[in-house]
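Take the sequence shown: its letter number 5 is residue 5 in UniProt numbering, and every next letter is one higher.
Take a look at the structure below.
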Amino acid sequence: MELLRSLMRVARDNEDRPWPSRPTVTREERDEAQAQFQVISRLYNLLVPNTTGCGPTYRR
Numbered sequence: 001m002e003l004l005r006s007l008m009r010v011a012r013d014n015e016d017r018p019w020p021s022r023p024t025v026t027r028e029e030r031d032e033a034q035a036q037f038q039v040i041s042r043l044y045n046l047l048v049p050n051t052t053g054c055g056p057t058y059r060r
C-alpha cells in the first residue's frame, strides 16, 4: 500500500513537468527524406516482383 502511495505522489509531482521536446526537423530535411524514400521504394518495387496479389503485378 505504501508503494502505491509513493507512486501516486511521484505521478502527482510530475504532472506539471513538460514533456521532453521533440527534435525539430526543418521542412527541407523532411522533403529530402520523403524524396529519398520515394526513390528507394520505387526501385524496390521494380526489383522485387510482387507475389502477394495486391498492387501492380509483373509478368515473369
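All C-beta atoms in this analysis are idealised placements derived from N, C-alpha and C, irrespective of residue type, glycine included.
**OP:** Give a yes or no on whether the minimum CB-CB distance between residue 45 and chain D is below 7 Å.
**Re:** Chain labels in this structure do not include chain D; a single protein chain is all it has.
Original post:
Alpha carbon to alpha carbon, what distance is there between residue 6 and residue 12?
Top reply: For the purposes of this step, residue 12 is taken as residue 12 along the sequence shown, with counting starting at 1. For the purposes of this step, residue 6 is taken as residue 6 along the sequence shown, with counting starting at 1. Spanning the two alpha carbons is a distance of roughly 10 Å.
Subject >> Contacting residues, own chain, Cβ-Cβ under 8 Å from residue 44 (five flanking each side not counted) >> reply: The sequence position of residue 44 within the sequence shown is 44, counting from 1. Closer than 8 Å at the Cβ level, and outside the excluded window around residue 44, lies no residue.
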